[in-house]
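Protein chains in written order, with my numbering: chain Z, 181 to 402; chain L, 112 to 674; chain F, 28 to 349. Here a beta-carbon is modelled for each residue, glycine too, at the ideal position from N, C-alpha and C. Quick caveat: nothing in here was measured; it's all calculated off a predicted structure. Inspection log for the structure reproduced underneath, given as structure tokens.
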């Protein structure tokens, strides 16, 4: 129920019900409007998104385990003549890092209900996010590693594609929640959806850091 | 709607003043649209459907093996049978049934009006249904004859693109969809337990079942996504011919040992999560029917948490080719048995204390209640399972994992207790959820058949393990010594399936057709919050909440104790 | 302070690290060590996350133990509405899986269902917040109408392609007649209960969708190939030998190589650009142990290539693409 204030006996009169022990208005009476929708405790959305991120991290772990295991057993990695560029992944990493800062700015503007800052920050973050997603799409297309040509190709496409999907979902969520933020739905105590989107965003960037380290930093051996 | 500093729209300012604004119809809503209680029942309904399907498959399998030189089905068909038997029962019965029980019961137990994300649970239910449909396509799609690997999907399923047909992909992706649904549902339950508890209900005062959902849910949250990822890799392997899991040529790469490690890393904790949930239900029932709070609740909770943590350590006992590593998993698989035994002993301690406090006859009388009898049956199966598991652990990755010992051990340790606990949970919470008690007569009959059938079906499996009958054998010669045990297993399976059918009948007649006895609010003199509301509860669960000052608020209310 | 739920995840961190170290030292198995270490990391993150949610974690200190326990009434709570949208989203996911397995065309249905479900779900969230529904009909009617027509066309086409020719004509006529009859009946009736209309639509949707999916899985009937279409090139292996040492393909077209492995020994066919079989293969067919398989691939540019079995490299031959 609501955040506990540890004073069960406090009756708060006609203000919205916050404690389970406060007296209740009769429903459907002419005394007042119908009872408000259930008040969800603060931080529920964020916790939900974070737990899903925990689960998702384990899924990524399965992919990474396949990567590390097959790499350890391969005489050459990447195999044959395959070479993947490192310029675009570096650009992606820098852009993603910048997007974290702009996202933090967006969250703090939303909290203060500062519409102008929020608009700028949200648009900036969205642009960074779309740029990253676009660059990942381009990476997959340009490297053109046919899935079945080698395990390296399969896993490269899978890991890059994983990040692409997550970044796209993050941008979509940002657009939807950002629209609400710009419509003024949020305030100091009620900007949970914004925090939830931010949590997912930071998770996506952090996961990219792990993927990038595995695929590009500690990749080659023959 | 909560306090906002700038609130552009106040709560329903245009709503009519005379009557509450009806919930605006938005595609199939009604106030009960996302109520967690019917949703839990829906999960249970789907689960029971697939329980019957899996049971029928089991009967067919055992019919093949009733005697030597069987030719009821071909070897390939037999292998398909047990593959689908395992997949349907684990992914479409056990997991959804537990999600269903938890969905229906946990918010009531913690005094919440709803789940944290009601529509997410609805999504999880429909994803389970869709996943079940996809998995049901698999036996009828092209290439189904080649699905012969068992539910652990070991070779020959990871075969690469030389394998034509969609059946494998439907099975693999169907399982993945169901697992995603379970993960979503579990995340929902975890957030609900952490955030939506009634005032005064601290986590130390959580009912044992809700605590077991917290622990089991955490295990599933961490373990199942690894399986989803592995299934996606398997799908990619098949669909694109990538050979991730085979390693014929160095230019394509791939590792044949990878699949079983990935699979069992996830599946082993999943099986223990089912046991944790079963122990949670049983602890709840023991406490209620002993008439006193569970003895040493802190140890019980710690024991369940320990099972959850240690569950991740024993997976290697099911994996071959570990060379020197198996000793680690001997310890891992053994150590997890200790807290299980601890929880069981705690039950006995609780009953003994109840006997001391209230007189043995009073306690004996209450133990004849149907849910309690189910727990006693569960205890007998668990005891056998513990013994078998100890032997299996000591023989990690050895012969006992490739012969019938494993069949017996897995069924006695994981599947049978989980199933029995679901049956017990249905009897225990049916009055609350559906307003009707399940028939006691049918209940005792089903208990006899299920417990008797389980023992008759799987203790001989252990004997067959000692006689080294390999798993997945589809027929054996007349000269082998396995005939008697196989006949016993066949009989036991038939009895067990009959018991399952009686249970399904019981549910249909008593709850669905509403012919069971109408139940009062608190038929069992329960101790936890769900018994303080009506049977069945209103959609928002509680019209009034008792003050919570201990772990047994209903008991306190009844005895007028003040803490 | 560490909360109780965090105490479930923290032991996993410690156990995971210890187990990972032992596993790596004793077995050197990468998969297991990676999984255990990853588990420890994620479990630690989870324990931090869940510790931050500290609602109602400790017993209220202000309760007077002498005061008798009471029950306090609660305001009834309105549950969020719109359970149909998650169902629709799940159906979309189902179509998505069918698209992944069979034909990508189902992806269109998947995307449509999911997008509509997401829109509806967001609308129902808006309803919960404000008590009023946003009016989606101006978007809904044209979009749903377009989708329904497109879906009907696609699914009907799958069915018509799967059945024999005569039956396909009959089915097309029958569907047309049924639609006319149903529409006339609906038009003529003065009062139609919404439930009836919904039932008709649901039955029609299930029939069409079920038929379409089954038909797609069953596959198209043999349609007369008038011209074009790749002629399958055939090759067999037996006694660690291919039965041909030369293959011919047209350049840069979809080609079929039908490979029959007549012995229970693993073989494949792989095409390379050099006679020494260096570098990555131009096409590398999957290994099969007995049985046969059709390799489908896009043939390379015109030139001379070389094929071999990757398992038994002495089984070789030439490929002429011209």
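Check, Outcome
"Cβ-based burial, residue 112 of chain F [other Cβ within 10 Å; buried from 16]", "buried"
"Residue of L:407, L:419, L:433 minimising C-alpha distance to residue 463 of chain L", "L:407"
"Neighbourhood of residue 310 of chain Z by C-beta distance below 8 Å, restricted to the same chain and skipping five residues each side", "351"
"Exposure of residue 520 of chain L, with buried meaning 16 or more beta-carbon neighbours within 10 Å", "buried"
"Sub-8 Å separation of residue 338 of chain Z and residue 347 of chain L beta-carbons", "yes"
"Runs of alpha helix (DSSP H) lying entirely within the region 140-215 of chain L, each at least 4 residues, in chain order", "147-175, 186-198"
"Burial state of residue 234 of chain F, where buried means 16 or more other Cβ atoms lie within 10 Å", "exposed"
"Test item: CB-CB of residue 211 of chain L and residue 151 of chain L under 8 Å", "yes"
"N- and C-terminal bounds of the alpha helix (DSSP H) containing residue 457 of chain L", "448-469"
"Boundaries of the beta strand (DSSP E) in which residue 282 of chain F is found, first to last residue", "281-288"
"Range of the contiguous beta strand (DSSP E) that encloses residue 347 of chain F", "343-348"
"Assumed close pair residue 290 of chain L, residue 226 of chain L - CB separation to whole angstroms, cut-off 8 Å", "With a Cβ gap of about 20 Å, residue 290 of chain L and residue 226 of chain L do not count as contacting."
"Status (buried if at least 16 other CB within 10 Å, exposed otherwise) for residue 322 of chain Z", "exposed"
"Residues that DSSP places opposite residue 262 of chain F in a beta bridge", "F:286"
"Backbone CA spacing between residue 171 of chain F and residue 181 of chain F [nearest angstrom]", "15 Å"
"Among L:547, L:456, L:583, L:595, nearest to residue 570 of chain L - alpha-carbon criterion", "L:595"
"Through-space distance from residue 304 of chain L to residue 77 of chain F, alpha-carbon basis", "11 Å"
"Span separating the alpha-carbon of residue 558 of chain L from that of residue 51 of chain F", "47 Å"
"Whole-angstrom distance between residue 578 of chain L and residue 190 of chain L, CA atom to CA atom", "21 Å"
"DSSP three-state assignment for residue 105 of chain F, whether helix, strand or coil", "coil"
"Straight-line Cα distance separating residue 382 of chain Z from residue 141 of chain Z", "The structure shown does not extend to residue 141 of chain Z, since chain Z is modelled only from 181 to 402, so the question has no answer here."
"Listed by chain order, chain C residues near residue 294 of chain F by CB distance under 9 Å", "Reference to chain C is not applicable here, since the protein chains of this structure are Z, L and F."
"Sub-8 Å separation of residue 465 of chain L and residue 401 of chain L beta-carbons", "yes"
"CB contact flag (residue 278 of chain L, residue 254 of chain L, <8 Å)", "yes"
"Nearest-angstrom beta carbon gap, residue 456 of chain L and residue 501 of chain L [assumed within contact, 8 Å]", "The Cβ separation is near 16 Å, so there is no contact."
"Status (buried if at least 16 other CB within 10 Å, exposed otherwise) for residue 626 of chain L", "exposed"
"When L:308, L:209, L:193 are compared against residue 529 of chain L, the one with the closest alpha-carbon", "L:209"
"Reduced DSSP secondary structure (H/G/I, E/B, other) of residue 631 of chain L", "coil"
"Contact list for the region 121-150 of chain F against chain L, Cβ threshold 7 Å", "121, 124, 127, 128, 129, 147, 148, 150"
"Residue 182 of chain L burial status per 10 Å Cβ neighbour count (16 or more: buried)", "exposed"
"Under 8 Å between C-beta atoms of residue 652 of chain L and residue 310 of chain L", "no"
"Beta-bridge partners of residue 331 of chain F, as assigned by DSSP", "F:347"
"Rounded Cβ spacing between residue 371 of chain L and residue 265 of chain L (contact assumed at less than 8 Å)", "6 Å"
"Inter-residue Cα distance where the pair is residue 224 of chain Z and residue 646 of chain L", "29 Å"
"Coil, strand or helix - residue 274 of chain F by DSSP", "strand"
"With 16 other Cβ atoms within 10 Å as the buried cut-off, status of residue 122 of chain F", "buried"
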